[in-house]
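K.L.:
Below you will find the structure I want to go over with you.
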Amino acid sequence: MESYLTPNELWFVRHHNPVPIIDPNNYKLTVKGKGCKEVTFSLQELQEKFPKHEVDVTIQCSGNRRSHFDGVKKAQGIPWNMGGVSTARFGGARLKDVLEYCGVKDPEKHGINHVQFISQDEMLASIPIEKAFSYSGDVLLAYEMNGEEIPTDHGYPVRAVVPGYVGVRNVKWVKEVFVSEHEAEGPWQRGVAYKGFASNITDLQHLPTHIIERAAPVQEPPVTSLIVHPAHNAKVHSNTLEMKGWAYSGGGRGIVRVEVSIDGGKSWHTAELKEGSEQKLTRAWAWTFWSAHVEIPKELRGKSSEVLCRATDASYNSQPEHASSIWNVRGLCNTAWHRKTVHFD
């Protein structure tokens with residue numbers, strides 16, 4: 001909460017394969033596929049042929065808060081707590097500009113449905129053409145992060161940045177952009193890794209193929225919020241509890257309200273929306289900070305209490321009360337009310 005933009009060295013790191021080391025002088029990015037001519041760009045050409053566009057973007061792993069499902073049932077995957085999320089100002093070429101340069105026009109007429117990103121580490125994922133080919137979608141082939149070259153761990157020299165989408169779609173070390181009728185192949189798009197199955201599905205090993213294929217991959221994360229201050233099990237000696245945190249919703253849906261409770265949800269108070277609240281409600285690609293000061297009632301003095309937060313986005317989606325209602329075997333999109341225990345003196 002000290003900085004709205006997360007310093008590069010503090011960004012969360014998540015890889016699927018070993019990190020490739022790429023010589024920028026030899027780097028090549030190829031655009032090809034349905035309805036476009038094949039063009040290969042050097043890093044310098046990407047930087048010089050297209051205007052640099054900058055966007056503040058929050059990227060969150062869809063498994064963030066996976067460990068918070070443990071009270072219901074353990075889910076499969078890295079046991080993220082709260083740290084799988086960060087925000088940066090990314091700079092680079094708009095994907096739409098690059099696609100148009102390569103001859104993409106009227107995607108619907110040419111049966112173009114998806115744009116696939118293929119990485120130097122052979123990881124691949126895709127996004128719908130409606131997102132990729134929209135100026136207001138702000139999708140980048142980014143080469144800058146917080147005013148510097150993108151660090152190696154975060155995709156140097158070029159990373160796909162897809163505002164409002166879960167982390168896995170923001171493919172690092174991009175070597176190819178493939179315009180296609182179909183989604184990307186592979187476990188990250190068509191497999192079980194990033195699909196939220198019904199709560200009765202607990203065995204992925206024997207899951208029928210038709211169920212896997214029918215399930216939609218996670219793209220835009222639901223609305224969520226977290227308490228950053230106070231810490232869990234903090235002791236409060238004052239008459240007022242200061243609370244701070246952030247809220248975020250995928251798809252560019254801005255945050256319209258954050259509420260907090262210091263008595264386990266019996267009563268609620270509206271928090272003040274701070275940095276990030278100035279974003280357009282239909283194009284809010286980054287988190288919104290919030291704060292609240294709540295007077296501690298006499299009946300809570302000398303006791304422990306559960307403090308909570310919940311957010312509502314511009315489409316009036318709100319967070320579910322309990323993780324049990326959204327549990328899934330892959331532990332994706334845990335957006336239940338965030339809870340901490342605080343001890344009031």
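In full-length UniProt numbering, the protein residues as written are 1 to 345. Where a beta carbon is used, it is the ideal one built from N, C-alpha and C, also for glycine. Note that this is a predicted model, so its numbers are computed, not measured.
1. Measure the beta-carbon distance from Val171 to Val218 and round it to whole angstroms, keeping in mind my assumption that it falls under 8 Å.
2. Just reading off the beta strand (DSSP E) that Ile255 is part of, what are its end residues?
3. With a cut-off of 8 Å on the beta carbons, I'd call Asn334 and Arg159 a contact; round off their distance for me.
4. Using DSSP bridges, identify the partner residues of Gly245.
5. At which residues does the alpha helix (DSSP H) containing Val13 begin and terminate?
6. Going residue by residue through the stretch 77–101, where are the continuous beta strand (DSSP E) segments of at least 3 residues, counting only ones entirely within it?
7. Starting from Glu130, trace the alpha helix (DSSP H) both ways and give me its first and last residue.
8. Sort Trp290, Ser3, Tyr248 and Phe178 by Cα distance to Ala314 and report the nearest one.
9. In whole angstroms, what separates the C-alpha of Met123 from that of Lys235?
10. Please identify the residue among Asp263, Gly103 and Lys131 whose C-alpha is closest to the C-alpha of Glu295.
11. With a threshold of 7 Å on Cβ separation, who are the neighbours of Ser136 within its own chain once the five nearest residues in sequence on each side are excluded?
12. When the Cα atoms are used, what is the spatial distance from Val329 to Pro208?
13. CB-CB under 6 Å to Asn113, same chain, minus the five flanking residues each way: which ones, in chain order?
14. Applying the criterion that 16 or more other CB atoms from any shown protein chain within 10 Å of the CB defines a buried residue, is Gly147 buried or exposed?
15. Counting beta carbon pairs with one atom in the stretch 197–216 and one in the stretch 275–289, are three or more of them shorter than 8 Å?
16. Less than 7 Å between the beta carbons of Phe117 and Val174, yes or no?
17. Can we say the stretch 301–314 touches the stretch 49–68, given the rule of at least three CB pairs closer than 8 Å?
P.N.:
By the coordinates alone:
1. Stepping through the sequence shown from its first residue, residue 171 is reached at position 171. Stepping through the sequence shown from its first residue, residue 218 is reached at position 218. Contact flag wrong, Cβ pair sits at about 15 Å.
2. Here residue 255 is taken as the residue at index 255 of the sequence shown, counted from 1. Here the beta strand (DSSP E) through Ile255 covers Ile255 to Ser261.
3. For the purposes of this step, residue 334 is taken as the residue at position 334 of the sequence shown. For the purposes of this step, residue 159 is taken as the residue at position 159 of the sequence shown. Contact doesn't hold; Cβ gap of about 25 Å is too wide.
4. Here residue 245 is taken as the residue at index 245 of the sequence shown, counted from 1. Its beta-bridge partners are Ile227 and Trp290.
5. Numbered from its first residue, the sequence shown carries residue 13 at position 13. Counting along the chain, Val13 falls outside any alpha helix (DSSP H), and DSSP gives it neither H nor E.
6. 85–94
7. The residue labelled residue 130 in the question sits at position 130 within the sequence shown. Here the alpha helix (DSSP H) through Glu130 covers Ile129 to Ala132.
8. For the purposes of this step, residue 314 is taken as residue 314 along the sequence shown, with counting starting at 1. Here the closest residue by C-alpha is Tyr248.
9. Numbered from 1 along the sequence shown, position 123 holds the residue referred to as residue 123. Numbered from 1 along the sequence shown, position 235 holds the residue referred to as residue 235. Whole-angstrom Cα-Cα distance: 45 Å.
10. Working through the sequence shown from its first residue, we reach residue 295 at position 295. Nearest of Asp263, Gly103 and Lys131 to Glu295, Cα basis: Asp263.
11. Residue numbering aside, residue 136 sits at position 136 when the sequence shown is read from its first letter. Hits under 7 Å: Arg283.
12. Position 329 of the sequence shown, counted from the first residue, corresponds to residue 329. Position 208 of the sequence shown, counted from the first residue, corresponds to residue 208. Whole-angstrom Cα-Cα distance: 15 Å.
13. Numbered from its first residue, the sequence shown carries residue 113 at position 113. Excluding residues within five positions, the ones whose Cβ falls inside 6 Å are Ile129 and Glu181.
14. Residue 147 sits at position 147 when you count from the first residue of the sequence shown. With fewer than 16 other Cβ atoms within 10 Å, it is exposed.
15. no
16. Taking the sequence shown and counting its residues from 1, the one referred to as residue 117 is at position 117. Taking the sequence shown and counting its residues from 1, the one referred to as residue 174 is at position 174. Yes, the pair counts as a contact, with Cβ atoms nearer than the cut-off.
17. no
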